[in-house]
Amino acid sequence: MSHAPTTLQERPTPAPAVATTSLSSRTLPRWAPLGFAAVAIVLGVGLGLVAGWHSRIQWGLLSALFFVAISYTVTTAVENKRQAKDRLATSVVWVCFVLAVVPLASLTWTTLSRGAKVVDGYFLTHSMAGVLGTEPGGGVYHALVGTLEQVGIATAISAPIGLLTAVYLVEYGKGALARAVTFFVDVMTGIPSIVAGLFILSIMLMAELKPSGLMGSLALTILMIPVVVRSTEEMLKLVPNELREASLALGIPKWRTILKVVLPTAIGGITTGVMLAIARIAGETAPIMLLVFGSQLINTNPFEGAQSSLPFYIWEQYKIGSEASYDRAWGAALVLIAFVMILNLVARGIARWKAPKTGR
Amino acid sequence: MAKRIDIGGLTAYYGSHKAIEDISMTVEPRSVTAFIGPSGCGKSTFLRTLNRMHEVTPGGRVEGKVLLDDENLYGPGVDPVTVRRTVGMVFQRPNPFPTMSIFDNVAAGLRLNGSYRKNQLAEIVEKSLRGANLWNEVKDRLNKPGSGLSGGQQQRLCIARAIAVEPQVLLMDEPCSALDPISTLAIEDLIGELKERFTIVIVTHNMQQAARVSDRTAFFNLSAVGKPGRLIEIDETERIFSNPSVQATEDYISGRFG
């Protein structure tokens, strides 16, 4: 059946490239990619050892190249060109995925393994008061309090402003003003944190104010507002226009439509956006250095006096350069990552809980 | 409580584009008026001008007048929100509020425009759901989300939501085009019942449906793509479908159009 006479073949021209009319052809087994990967790793490591390279990164990159090359050639030989291209694209995607995940996993592992040594109840509930930087002991409590307060104030200021700006842009804004607001939000997104810090610092110097947690919060607010506006705007745009029309057609005023129909529909996404913005500012160090000044002591009043914060604490401890301070820096890093992680989990929880229900 | 609508010289624009031109007609109270015509001829636009939903679209504006029992909807000092409470609307795609339960969906209009007494709410919701022939299907799951219902049930939920605020007029923009024949039949039966209480205007692409449910039928057409839509004729449904006075109507109805 492979060479059934067709009109094409009856012509005097040479037979077409189609060799077989059968629908099935040789295929690689399903585990082939795994096999390629194993062979590639063996080749990469072997060649690395033979050539005397010490860097594991070189071994890994070599293996990745081998993996892509082997996948392509073997598939070309066994199957066909089209399958090989497919396999090529798939293996490149896999390699990129691994390249992206390896640093992430490595970062998480380093922080966990080095931070877990010092993080305990004592570490979380004590400050650095009376502890020499080069000696073990002390804790992160003052920095944790500082971060919570500064980030809390920044959120309390920027979440409402950002939310209302986004509502204006999506529901009301048209013409020059809306375009200007959008433009400035875009510009603000790109402001480096040190510039935001310097801006507040200049105001602080002109108004003859002292460094305090509040000043840091104001700089963080500048960084947070555009992120909240952008994410909220996208979420509001996702709310189907039909819902707004349905509400308006019931004789519900526009402001109540926004408040009771549009915002509840988008609330899951909006919360996630705000939480991500918080996660972004929780790691800012530069404005804190300039405006909050840093401290070894517990200061629970964000409106007066110097405070610390987790990123600042990490920088400070690492700068001391002793074994004990390195440990404290990693411990604080672990606390900061855990803080952001918990926020993310909370955001996801809220998003799932508030998401429009589809169940029967 | 149903009201008559008198439309005089109505022209509607989207920005600089004229969508419908110089439409005048009368919609009788306690009856069903159907709008038929090819796509893009402005039926839906015209329907939306009857409760000032047209101006919700950016750039939408209207010239002419729409009299609801001698009161001009487009007169100075008329609040579109009040207009929409008087003239309700049901849309092409069922659009229950996804964050609300079935009960809340029906109660939404009353709750959100603040015109209700708490002890009456349950009663009004039941009455509206009964009015939309949905009560028996949903009475055991009133606090379940409205989006969990089937398409036909969702559309009846939307009708219940629209009639819960006791409008005078009910506008329906192709209410059955997303539904199967059984659900369509349910809605059509419902329209027959609702016309005892409301003035109903329905846009439909289905000419059999217009013939089945309506008392009067208006035929719209446009002379060319991009030109504004016009009212060709309006008459008793029987006459439109048996012996229309304009040749274009007969061509459209008998399928000889374009």
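Protein chains in written order, with UniProt numbering: chain V, 1 to 360; chain A, 1 to 258. By construction, the Cβ of each residue, glycine as well, lies at the ideal position given by its N, Cα and C atoms.
Quick one: grab the DSSP three-state call for residue 260 (chain A).
Here chain A covers residues 1 to 258 and nothing more, so residue 260 (chain A) does not appear.
Quick check on the burial criterion: 16 or more other C-beta atoms within 10 angstroms. Buried or exposed for Thr6 (chain V)?
Any reading at Thr6 (chain V) must be qualified, since the residue scores a pLDDT of 48, below 50, and its modelled position is unreliable; no value is offered.
Can you tell me the Cα-Cα spacing of Ser55 (chain V) and Ala178 (chain V), whole angstroms?
Straight-line Cα distance between these residues: approximately 53 Å.
Counting only runs that start and end within the segment 34 to 83 of chain A, where is the alpha helix (DSSP H) found for 4 or more residues in a row?
DSSP runs (the alpha helix (DSSP H)) wholly in the segment 34 to 83 of chain A: 43 to 49.
Gly115 (chain V) and Ala333 (chain V) closer than 9 Å at C-beta:
The answer is yes: Cβ separation under 9 Å.
Compute the distance between the beta-carbons of Ile240 (chain A) and Thr204 (chain A), then report whether it is under 9 Å.
The answer is no: Cβ separation not under 9 Å.
Would you give the residue range spanned by the beta strand (DSSP E) that Gly8 (chain A) belongs to?
For Gly8 (chain A), the uninterrupted beta strand (DSSP E) run begins and ends at Ile5 to Tyr14, by DSSP.
Which whole runs of the beta strand (DSSP E) in the segment 198 to 236 of chain A are 3 residues long or more, in chain order?
Counting whole runs of 3 or more residues, the segment 198 to 236 of chain A contains the beta strand (DSSP E) stretches 199 to 203, 216 to 222 and 229 to 236.
Leaving out the 5 sequence neighbours to the left and right, which residues in its chain are closer than 6 Å to Gly15 (chain A) when beta-carbon positions are compared?
For Gly15 (chain A), where only same-chain residues beyond five positions count, the Cβ hits under 6 Å are Gly59.
For the segment 257 to 289 of chain V, which residues have a beta carbon sitting closer than 7 Å to at least one beta carbon of chain A?
Of all residues in the segment 257 to 289 of chain V, only Lys260, Val261, Pro264 and Thr265 come within less than 7 Å of chain A when Cβ atoms are compared, listed by chain position.
Could you compute how far the alpha carbon of Asp327 (chain V) sits from the alpha carbon of Ile320 (chain V)?
In this structure, the alpha-carbon of Asp327 (chain V) lies about 11 Å from that of Ile320 (chain V).
Which of helix, strand or coil does DSSP assign to Thr7 (chain V)?
Bear in mind that the predicted position of Thr7 (chain V) carries a pLDDT of just 48, short of 50, making it too unreliable to give a figure here.
Counting only beta-carbon separations shorter than 9 Å, does Met172 (chain A) have a partner in chain V?
Not closer than 9 Å to any Cβ of chain V, the Cβ of Met172 (chain A) fails to qualify, so no.
Which same chain residues, not among the five before or five after Glu63 (chain A), have their C-beta less than 6 Å away from its C-beta?
Thr11, listed in sequence order.
Collapsed DSSP secondary structure at Arg360 (chain V) in the structure displayed
In this predicted model, Arg360 (chain V) has a pLDDT of only 43, less than 50, meaning its place in the structure is not dependable; the value taken from the coordinates is given anyway. Of the three classes helix, strand and coil, the one that applies to Arg360 (chain V) here is coil, per DSSP.
Quick check on DSSP: helix, strand or coil for His17 (chain A)?
Residue state, collapsed to three classes: strand.
I'd like the list of long-range same chain contacts for Thr232 (chain V), defined as Cβ closer than 7 Å, with 5 residues on each side in sequence excluded.
Counting only residues of its own chain and dropping the five nearest sequence neighbours on each side, Thr232 (chain V) has a CB closer than 7 Å to the CB of Gly162, Leu163, Ala166, Ile270 and Gly273.
Three-state class that DSSP yields for Asp173 (chain A) in the structure shown
Look at Asp173 (chain A) here: in three-state DSSP terms it is strand.
Specify the secondary structure class of Gly197 (chain V) as computed by DSSP and reduced to three states.
Note: Gly197 (chain V) maps to helix in three-state DSSP.
Any chain V beta carbon closer than 9 Å to Ser245 (chain A)
No, Ser245 (chain A) lies away from the interface with chain V (no Cβ there is under 9 Å from its Cβ).
Within the 9 Å Cβ cut-off, does Gly251 (chain V) reach chain A?
Chain A has a Cβ within less than 9 Å of the Cβ of Gly251 (chain V).
Determine whether the Cβ of Gly15 (chain A) lies closer than 9 Å to any Cβ atom of chain V.
False, the Cβ-Cβ gap to chain V never drops below 9 Å.
Closest Cβ-Cβ distance between Val125 (chain A) and chain V: below 9 Å?
Judged by the 9 Å Cβ criterion, Val125 (chain A) is not in contact with chain V.
Which value, in whole angstroms, describes the spacing of the CA atoms of Leu112 (chain V) and Ala159 (chain V)?
Roughly 31 Å between the two C-alpha positions.
Taking only the alpha-carbon atoms, compute the straight-line gap between Pro226 (chain V) and Asn72 (chain A) and give it to the nearest angstrom.
Distance from the CA of Pro226 (chain V) to the CA of Asn72 (chain A), rounded to the nearest whole angstrom, comes to 45 Å.
Residues of chain V with CB under 8 Å from Arg93 (chain A), in chain order?
The contacting residues are Glu242.
Excluding the 5 residues flanking Gly331 (chain V) on each side, which residues of the same chain have their C-beta closer than 7 Å to its C-beta?
These residues qualify, in order along the chain: Gly115, Val118, Val119, Phe123 and Val140.
Going along chain V in order, which residues have a C-beta closer than 9 Å to the C-beta of Met53 (chain A)?
At a C-beta separation below 9 Å, Met53 (chain A) has these neighbours in chain V: Glu245, Leu248 and Ala249.
Taking only beta-carbon atoms, is Val165 (chain A) less than 9 Å away from chain V?
Interface residue (Cβ-Cβ distance to chain V less than 9 Å): Val165 (chain A) is classified as such.
Among residues of its own chain, excluding the 5 on either side of Ala84 (chain V), which ones have a beta-carbon nearer than 7 Å to its beta-carbon?
Excluding residues within five positions, the ones whose Cβ falls inside 7 Å are Tyr72, Thr75 and Thr76.
Got a sec: which bits of the segment 103 to 121 of chain A sit with their beta carbon under 7 Å from any beta carbon on chain V, in order along the chain?
Across the segment 103 to 121 of chain A, CB contacts with chain V closer than 7 Å involve Ala108, Gly109, Leu112 and Asn113, in sequence order along the chain.
Any beta-carbon of chain V closer than 9 Å to the one on Arg4 (chain A)?
So no, Arg4 (chain A) is outside the interface.
Sufficient close CB pairs (3 or more, under 8 Å) joining the segment 88 to 104 of chain A to the segment 144 to 153 of chain A:
Note that the segment 88 to 104 of chain A touches the segment 144 to 153 of chain A; at least 3 beta-carbon pairs, one per stretch, sit closer than 8 Å.
Status (buried if at least 16 other CB within 10 Å, exposed otherwise) for Asn221 (chain A):
Asn221 (chain A) should be labelled buried.
Which residue wins for smallest C-alpha separation from Ile191 (chain V), given the options V:Leu223, V:Gly146, V:Met128 and V:Glu208?
In terms of Cα proximity to Ile191 (chain V), the closest of V:Leu223, V:Gly146, V:Met128 and V:Glu208 is V:Leu223.
Proximal residues of chain V, C-beta to C-beta of Pro58 (chain A) below 9 Å
Residues of chain V passing the Cβ test: Lys174.
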